[in-house]
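All residue numbers for the sequence shown refer to full-length UniProt numbering, where the first residue is 1 and numbers rise by one.
Glycine included, each C-beta is placed from N, C-alpha and C at the ideal position.
What follows is one structure encoded as structure tokens, with my remarks underneath.
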Amino acid sequence: MAEVELRNVSKSYGKKQVLQDITVEVKKGDLACLLGSSGSGKTTILKLLAGFEAPDSGEISIGGEVVSGNGKVTVAPHKRGIGYIFQDLALWPHMTAFENIAFGLKARKEPDYRIKVQETAEWLGVKDSLDKYPSQLSGGQQQLVAIGRSLVLQPRVLLMDEPLANLDVKLKKVVREKIIELKEALGITIIYVSHDHREAFSLASQLIILNGASVEATGTPEEIRQSDSAFIKYFIEL
1 MAEVELRNVS
11 KSYGKKQVLQ
21 DITVEVKKGD
31 LACLLGSSGS
41 GKTTILKLLA
51 GFEAPDSGEI
61 SIGGEVVSGN
71 GKVTVAPHKR
81 GIGYIFQDLA
91 LWPHMTAFEN
101 IAFGLKARKE
111 PDYRIKVQET
121 AEWLGVKDSL
131 DKYPSQLSGG
141 QQQLVAIGRS
151 LVLQPRVLLM
161 DEPLANLDVK
171 LKKVVREKII
181 ELKEALGITI
191 IYVSHDHREA
201 FSLASQLIIL
211 NGASVEATGT
221 PEEIRQSDSA
231 FIKYFIEL
């Protein structure tokens, strides 16, 4: 059964058509990578899944429940079981790493939030940095804290918008390995935006290739490599 479904989804901003009648399914526990050039609608898909925006037409389902349809958001963002990691991380600079990770739990008034933050930070390898502010952390540590802030809420689906874009090669390797470990250990469904096909092929169990406002192809990395599409061959330099 699909954990995430977009059925005949379209979205435009004014006269610009960003998504045109796209249909995509992501199975539970998959790491699906949205891969395409700038402006192909990758981040728009994340915003629609998160409930920040509504599609103009079509339906979006998460866990078998329709969460957006008929041009409306029918399930509020905070009720979707979604974690969202922004490209700019959006860590609060005036809060320590501990406070950043704990923010959602405290908003829920969970009494054992301290234990959950400690456990999450230990698993991510940032337990010794919990008393530091974002400006005192390395780029990789900041990324892991951002992941922890979403992960501690135990989302059913984790959305990641180019999380490695601002890291150097060494830090990219560290965070990439942690993302793979996260998927395998927790079985969480991850939808990951990238414009780097090498990064996407190294991470994904499913690739969703966007071309313009449409889905060019979807499949495993091996299936995409074997595609006859001229666009795919050009885009991923086959």
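The three-state reading of DSSP puts T218 in strand, counting E and B together.
Here the alpha carbons of P55 and L48 stand approximately 7 Å from one another. When DSSP reads this structure, T189 sits in a beta bridge with V157.
By the 16-neighbour rule on beta-carbons within 10 angstroms, E3 is buried. Taken through DSSP and simplified to helix, strand or coil, Y133 comes out as coil. Ranked by how close their Cα comes to the Cα of S38, the residues K106, E162, S150, A107 have E162 in first place. Between L159 and R176, the C-beta gap is not smaller than 9 Å, which leaves the two residues out of contact.
Taking C-beta atoms under 8 Å as the contact rule, K127 and Q118 qualify, at a distance of about 7 Å.
Scanning the segment 51-96 from its first residue to its last, the whole beta strand (DSSP E) runs of 3-plus residues come out as 57-62, 65-69, 82-85. In this structure, V145 lies near S129, with their beta-carbon atoms less than 9 Å apart.
Counting other Cβ atoms within 10 Å of its Cβ, S202 stays below 16 and is therefore classed as exposed.
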